[in-house]
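Residue numbers (this note's numbering), protein chains in the order written: chain L, 1 to 356; chain E, 1001 to 1306; chain X, 2001 to 2412.
Ideal Cβ placement from N, Cα and C applies to all residues, glycine included.
As the structure is a prediction and not an experimental result, all values here were calculated from the model.
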Amino acid sequence: MAQLTLSGIKKGFGPVEVLHGIDLEIKDKEFIVFVGPSGCGKSTLLRLIAGLDTISAGEFRMNGRRMNEIAPSRRGIAMVFQSYALYPHMDVYENMAFGVRLMGLDKAEIERRIADAAQMLRLGELLKRKPRELSGGQRQRVAIGRALVRKPQLLLLDEPLSNLDAALRSDVRLEIAKLHRDIQGTTIYVTHDQVEAMTLADRIVVMNNGRVEQFGSPRELYERPANTFVAAFIGSPRMALLDVERQGNRLGLPGSGSLSLTRLPQIDERELVLGVRPDSLTITTDLAAEGFKGSVIYTEYLGDNTFIYVRLGNGTLVSIRTADAVELAPDTPVVVQVLPDAAHYFSRSTRERLAA
Amino acid sequence: MHGSPLLARRLWITALIVPPLAFVALFVVYPIISAFAYAFFQWHGLARGEFVGFANFYKVLFTQPYADWTVNAFLNNVLVFFALMVLQNGVGFLLAYFLWRELPGAAFHRVAVFLPVVLSTIIVGFLWKLFLHPLFGVVNISLRGTGLGSLAQPWLGQEGTALWALIIANAWHMVGFPTLVFLAGMQRIPGEILDAVRMETESEWVKISKIVWPLVAPSATIVFTLLFVGSFNWFELPYIMAGVDGSPHKATDVLGLYFYRTAFGDQSGSGQDFGAGSALAVLIFMFIAVVAGFITFRLRAREIQI
Amino acid sequence: MKKLILSGIVALSALGVSMPAWAQELSFWSWRQEDKAQYEKFIKAFEEKNPGVTVKFETFEATNYNTILSTALAGGSGPDVLFARAYGGLENVANAGYLLPLDKSNVPALENFAPAAIAAETMRSTKVTYAVPFASQTMLVIYNKDIFDANGLKEPETWDELVQASEKLKGAGIMPFGNGTATAWQNEVMVGGIASTLMGRGFYDDLMAGKADFTDKRYVEALTKLKEITKYFPDGFIGLDYASSQQLFASGMAGMFVGGSYELANFKKQNPDIKMGIFAMPGMKADDEKLVAQYFDGGYAVNAKTPHKEAALKFVNFLASQEFGQMFADELNNISAVPGVSFKDPLLAEVAELNKNSIPYIMLVHFRFGEPSGSVLLQGEIQKLLSEKATPEEVGKNLTTGLAAWYEPFKK
């Protein structure tokens, strides 16, 4: 079991601070995903947890015990690296046996653990192969096997899918999800892909510029993004973020007209950001209808859905999803409408979510 | 006329291949073969006498005083090889490891380690002769200065210390080379592999012996081979620091000096014997060629692709 | 590569030799590059007296000279007149029949040379002489006059006086001797310069007569004393090389230096202000004969195949003349082997005076004709003696058994 507490974690490389104070509380057996654009500090945070880099300030506790000064090999943590980092001179068996031998386990126990891992990960045929004789997917399974045989309290995975073919990715993703359930441990998974994050995580840590933007379940993030960054990062295609001006309960978009919405945030700000996901927008060619005016750029027909891309009067590009197979020629003038109760509101100045 | 482009091409190829081939034949193959041939003749100065078969080989290997001298020089070479294996390659490996791990002061040490390599052997020889000067050398002066005056020695004058002094001077001079090669080998190891090891152990020894060393072994092949060849061809440094006689009392005598002295004579001691000298040269060459070939063959097998 | 260059040199000089001889030009090869100007002068004097003969003086680096010369001679070319080494070095060349035998019929002046000088250029087996000896060197003790005067010292007459003088210098913070023995051949010099008097003329004569070998008590005693006096050598002298030891004396840090007479010019060059004196090592008693060790450097020889035999002999006769000997001594500050030469330089005159009581520099003169050579053995054994790795008795024994490999009188 592993319960993690990170408080005020900072990391600087020389004069450059890359993590500005991270506070997280991770529960036992949770599957946590760190997600964010590259350079956001998610891998750095993972390395601090692993102990591969030293924490500049703040404290990391695991099961109540301070970890800052503990060597990586003594933290009860195993890690699967992006490049898999298998030992090239050892065969699959040796790769898995190396760490457990150093733990001082007896031979029979080592044999048993490797046999279990090999079975779980379908490595039985490969035990005598050298890493260079394995495919990418096989290497990945060995890397995971090497981590599992140590029976870690905490399993770290650093972008484990990024070196795999697109076709393999969803398979492996499912395997990892299953693995997490089987081993009943705590897992932290780093990725820049929000789809992986949404599908795997119990809770997601969205990071940007060395800060946690939001920490919550996939559903919370999707439905109640804490700020415009999370709003835009989670969900595909992106949520449209429109800089609107409020007049009473009308929201005006410069050059595009205005529309009225109910349940606007009870706040005294005139300038707001209106966030709407593609499936909460509708479109009409009735130019007299209330809504934001724009013109069609192009339409994307995907069978079950159609995406329509529209440039609004102020230049913002929005995408609209519809289940109907509409066909609109480019440059067709349209009016875009927002479904009631599906709008998100953010402060223009702080970019924070405004309570409705 | 349709044959002429082919002919022209052949001429071109011939014109390109013949000069380097002739160069190699004249300056590499011919001298080696003639040294082989010289070894089978009696020599009067530089005038060739009668064919004597293996008499020169027999002389340097089995008749006194040559046999003792040959064995003494050979054993000294063996000692030099193993000592340098530790003091030059071993230390070079550790230095490379420290430089690679960016321990404090790595930038300074990188320069300090590599600088002596670019110095010529002559300069290094004279430098170390100065360091080891019994009266004014920095080694003895610092020993006296730190109250260890009883350890001050005439380093180059004692049988027990002279060869070791040369070995250390050589290691100081050349340690940057294995360091450079090992460092290059280490830099080829992906950082994540090292991270992976750190997740499994904190023992530097395990990291070095089980992971870094096996992965750097391919670079070791060339370093070992060159050290072997260099140790058994050792000449310049002992010549400069100890003289052609292997002073004191042949304690620093190595095959290179011994061969030179035998073939070309020593103004202050012995006459010249081109036949015996050539026989020695052939024996040294054969020994080095065979063992170096063996080392390269065996160690190659251990090479690992990263 | 080296051989190619050599053949080039040989070919070029062969061209020189085969030039038509309306005016005879002699080629004259030497290893003394540093003496070129002086030799040009000597040659001018010869040419003025011998119109129709010109001499071309060519020098080669000393360390490569033997190689170049033997290659040229072996190729049937080579110079008309040449510098030849002495003793074993001479035999290497003369053995092959490359040199013209010289005797009183073609060089009458040879008859007056000292027997030791003639012996240096004579084959032992055939008693044929091949060269006119040019100079001798002497192993003795050089001292710094200013240091001796300042400490009220004079040249020692007995071993005890030498020890006292050494003690006094040591007490005054001056190194008594500047010598070091890390350079192998310096060990042989120590024996020549220190032990000649102590072993004595009697031992030398017995050695030559086959009545004594190096285990002789006189020789062993002499080595014992040699070991004793090194107490006054610099700290760590066994690790001190030749060049460093020269500097100690030349810079005035040491009072005495055991060395060859050739050092006088070296020291003068390194320190023009130094005032030097010389003495022969004293014996235990004041009336023991004080001996120095002497050897001959080399000689002038004629190529047996020279097409200008007459002119070459004319030139060699000039090189054996007193006129030349005098010029040689005056210009080169060296002890000419020509008899009857007077020395303007007082130190040189003193060396010549000391030479009157001398024995040969034993290993070089008598034991360099086989392997292992006496020099190689002695140099190594003395290094063992001085680093406490062998006793004087063991040194004597090892020398004798080592030389027995080829020296008939020691074979038992």
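Straight-line CA distance for residue i to residue j?
i, j, result
"ASN2144/X", "LYS2344/X", "20 Å"
"ASN2050/X", "VAL2128/X", "28 Å"
"ARG65/L", "ARG1198/E", "20 Å"
"THR2197/X", "ASP2287/X", "11 Å"
"LEU6/L", "GLY210/L", "14 Å"
"TRP1205/E", "GLY99/L", "14 Å"
"HIS20/L", "CYS40/L", "11 Å"
"PHE2315/X", "ARG2201/X", "37 Å"
"ALA2150/X", "ALA2280/X", "21 Å"
"GLY2239/X", "PRO15/L", "54 Å"
"PRO2234/X", "ASP2205/X", "34 Å"
"GLY1256/E", "LYS2384/X", "23 Å"
"ALA2021/X", "ALA2312/X", "Below a pLDDT of 50, predicted positions are generally treated as unreliable, and ALA2021/X, at 45, falls in that range; the measurement from the model is reported next regardless. Rounded to whole angstroms, ALA2021/X to ALA2312/X spans 13 Å at the Cα level."
"LEU2069/X", "GLY2078/X", "7 Å"
"GLY2277/X", "ILE2142/X", "6 Å"
"ALA1067/E", "GLN1153/E", "31 Å"
"VAL335/L", "GLY257/L", "9 Å"
"PHE1057/E", "GLN1042/E", "11 Å"
"VAL2338/X", "ALA2131/X", "13 Å"
"VAL2376/X", "SER1270/E", "7 Å"
"ALA1251/E", "ARG132/L", "51 Å"
"GLY2298/X", "ASP2241/X", "26 Å"
Any idea what DSSP makes of residue i, helix, strand or coil?
i, result
"ALA2037/X", "helix"
"PRO2360/X", "strand"
"THR2183/X", "coil"
"MET2284/X", "coil"
"SER7/L", "strand"
"LYS2003/X", "In this prediction, LYS2003/X has a pLDDT of 45, which is less than 50 and means its spatial position is unreliable; nothing more can be read from the coordinates."
"GLY2253/X", "The residue you asked about is not Gly; residue 2253/X is Met in the sequence shown. Residue state, collapsed to three classes: coil."
"GLN153/L", "coil"
"GLU17/L", "strand"
"ILE361/L", "Absent from the structure is residue 361/L, since the part of chain L shown begins at 1 and ends at 356."
"LEU328/L", "coil"
"TRP2406/X", "coil"
"GLY210/L", "coil"
"GLN337/L", "strand"
"TYR2143/X", "strand"
Along chain X, in chain order, which residues have C-beta atoms closer than 7 Å to that of residue i?
i, result
"VAL1155/E", "First, the amino acid is wrong: residue 1155/E is Trp here, not Val. Going along chain X in sequence order, the residues near TRP1155/E (Cβ under 7 Å) are GLY2239."
What residues of chain E sit near residue i, judged by a beta carbon separation below 7 Å?
i, result
"TYR87/L", "ILE1193 and ILE1211"
"LYS2389/X", "GLU1159"
Can you list the residues of chain L that residue i reaches, using a CB-CB cut of under 9 Å?
i, result
"VAL1111/E", "Within chain L, no residue comes near VAL1111/E; the closest Cβ sits about 22 Å away, beyond 9 Å."
What residues from chain X crowd round residue i, counting only those whose CB sits closer than 8 Å?
i, result
"VAL1236/E", "A small fix is needed here, since residue 1236/E is Glu in this sequence, not Val. Result: empty, since nearest Cβ-Cβ is about 16 Å, beyond 8 Å."
Which chain E residues sit within Cβ distance under 8 Å of residue i?
i, result
"GLU1991/X", "Nothing can be reported for residue 1991/X, as the shown portion of chain X is limited to 2001 through 2412."
Quick one: which chain E residues come within Cβ less than 9 Å of residue i?
i, result
"VAL2258/X", "Going along chain E, no residue has its Cβ under 9 Å from VAL2258/X, so there is no contact; the nearest lies around 16 Å."
"GLY2152/X", "Simply none; closest approach about 26 Å."
Is residue i near the ligand COA, in the sense that its beta carbon is under 6 Å from a heavy atom of that ligand?
i, result
"GLY1230/E", "With respect to the ligand COA, the structure shown offers nothing to examine, as it has no ligands at all."
List, in order along the chain, the chain L residues whose C-beta lies closer than 8 Å to that of residue i?
i, result
"GLU1202/E", "ALA71, PRO72, SER73 and ARG74"
Evaluate contact between the region 2267-2275 of chain X and the region 2291-2299 of chain X, counting only Cβ atoms and requiring at least three cross-stretch pairs below 8 Å. no
So, do the region 263-281 of chain L and the region 68-82 of chain L have three or more beta carbon pairs nearer to each other than 8 Å? Cβ pair count under 8 Å is below three, so no.
Under 8 Å, with one C-beta from each stretch per pair, do the region 1238-1249 of chain E and the region 1209-1220 of chain E reach the 3-pair mark? no
Give, in chain order, every unbroken run of the alpha helix (DSSP H) that is at least 4 residues long and sits entirely within the region 1022-1098 of chain E. Listed in chain order, the complete alpha helix (DSSP H) runs (minimum 4 residues) inside the region 1022-1098 of chain E are 1030-1038, 1055-1062 and 1066-1084.
Examine the Cβ distances between the region 230-241 of chain L and the region 200-215 of chain L and report whether three or more of them are shorter than 8 Å. yes
Using a Cβ distance threshold of 8 Å, determine whether the region 2149-2164 of chain X contacts the region 2111-2131 of chain X, with at least three qualifying pairs required. no
Counting beta carbon pairs with one atom in the region 77-87 of chain L and one in the region 30-38 of chain L, are three or more of them shorter than 8 Å? no
What are the uninterrupted segments assigned as alpha helix (DSSP H) that are 4 or more residues long and contained completely in the region 20-107 of chain L, given in chain order? 42-50 and 92-102
Of all the beta strand (DSSP E) runs that stay within the bounds of the region 1244-1281 of chain E, which reach a length of 3 or more residues? none
Are the region 339-350 of chain L and the region 298-314 of chain L touching, with three or more C-beta to C-beta distances below 8 Å? no
Stretch-stretch touch, CB-based, cutoff 8 Å, three pairs: the region 2256-2263 of chain X with the region 2031-2051 of chain X: Segments in contact, no.
So, does the region 320-338 of chain L touch the region 1007-1025 of chain E, judging by three or more C-beta pairs under 8 Å? Verdict: no, contact absent.
Say whether the region 1088-1097 of chain E touches the region 1171-1188 of chain E, bearing in mind that this needs 3 or more beta-carbon pairs closer than 8 Å, one atom from each stretch. yes
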